[in-house]
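See structure below.
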Amino acid sequence: MKNVMPVRRDVRLNLPEERATNWHEAGPHVTHFLNALSLFFPAGERFFMDAVRAYRDDIKDPELKKAVVAFIGQEAMHSREHVEYNELLDRAGLPASKLDAWLWSFLGFLKKRLGKKLNLAATVALEHYTALMADSLLGNKDVLGKNSVQAYKEMWFWHAYEETEHKAVSYDVWNEVLPDTAWNRFLRRLAMVLATVIFWPLVMTFHVRLVLADKNTKGKHLQGFWTVTKLLWQKGGVLRKPLSNGEFLDFFSKKFHPWQHDNSHYLREIDNFVAQVEQAGRKPNDEIANAIRARMNSQLKQNAAAA
């Protein structure tokens, strides 16, 4: 299978705060679907990093060791930018910090109960999901809208490129540290089933919570939710595409590997894309950074008091 080495890139998007609740050209309902996904990344990517890091000392392949370091670095950068993204939603009066705090607690509970192997299996499953969604986005750039706010589009394109670049790392770790037995294949498949029945209901719940908290969506729900449905399920849609072409179900094959679907041609676009982002010359929002720092310090104090 293809061997792709991820690269840690320090990309800063500095999103315009005033457009956080309505940056997609299709309107606030589609905007909030993507915003809901953003809420999952800080806690979710910490879960992924910890799951892979737990097996780092068991990896013998030096190239895979390098890939793991880069994987962790990329996920850390994604988490940092999504924390800022989510702070904008909170400042807009949406329940972003409440949903984020609940998710950290929920994933922390799962991490303790599942154990190392199932944590890694869950990471492998969810990384497959993110890779499939990234492929849908990169393969049809109209998903993000031609006239949507550029910085938010860049946020999602950057994430999609790097999710594609490191899509096999957690799976390669799984294959490296665990024997290829019927039981381990069953656990990997079970993790995908559980991830599906847990992840998507949570995404939809977060989506509805954001939509209902946004006063600008009032009276527009029927058309808005239908627009989201079309984005996901029309021909070539974000979710319909990987189901109809078999890429999702490939995960359940004994011989599955993420790079059996070779979309590495997208990776040739990354350097030019990053250069364009850097040329935009957006200035960091110090007010947002200070707000995040204050909230995190408050959380640390609350955690210390609870302990």
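Sequential numbering of the sequence shown, starting at 6, is according to our numbering.
Beta carbons are placed, not taken as given, at the ideal position from N, Cα and C, and that holds for glycine.
- Its chain contains LEU108, LEU112, LEU131 as the residues whose beta carbon lies nearer than 8 angstroms to that of GLY49, once the 5 sequence neighbours on both sides are disregarded; these appear in chain order.
- Rounded to the nearest whole angstrom, the C-alpha separation of HIS262 and ARG190 is 12 angstroms.
- Contact annotation: PHE76 and VAL88 have beta-carbon atoms that are not nearer than 8 angstroms.
- Burial is judged here by how many other beta carbons sit within 10 angstroms of a residue's own beta carbon; ARG193 has at least 16 and is buried.
- By the neighbour-count definition (other C-beta atoms within 10 Å, threshold 16), GLN79 is a buried residue.
- The residues TRP264, ASP267, SER269, in chain order, have a CB closer than 7 angstroms to that of LYS7 in the same chain once the five nearest residues on each side in sequence are set aside.
- Around the beta carbon of LEU94, 16 or more other beta carbons lie within 10 angstroms, which makes this residue buried.
- Within the stretch 222 to 281, the alpha helix (DSSP H) runs of at least 4 residues that lie entirely inside it are, in chain order, 226 to 238, 245 to 249.
- A direct Cα-Cα distance of roughly 8 angstroms separates GLU283 from VAL16.
- Between the C-alpha atoms of SER258 and HIS171 there is a straight-line separation of about 20 angstroms.
- Counting other Cβ atoms within 10 Å of its Cβ, ASP105 reaches 16 or more and is therefore classed as buried.
- A Cβ-Cβ contact shorter than 8 angstroms links ARG14 with VAL279.
- Within 10 angstroms of the beta-carbon of LYS146 lie fewer than 16 other beta-carbons, which makes it exposed.
- Segment contact: the stretch 114 to 123 against the stretch 211 to 225, fewer than three CB-CB distances shorter than 8 angstroms; contact not assigned.
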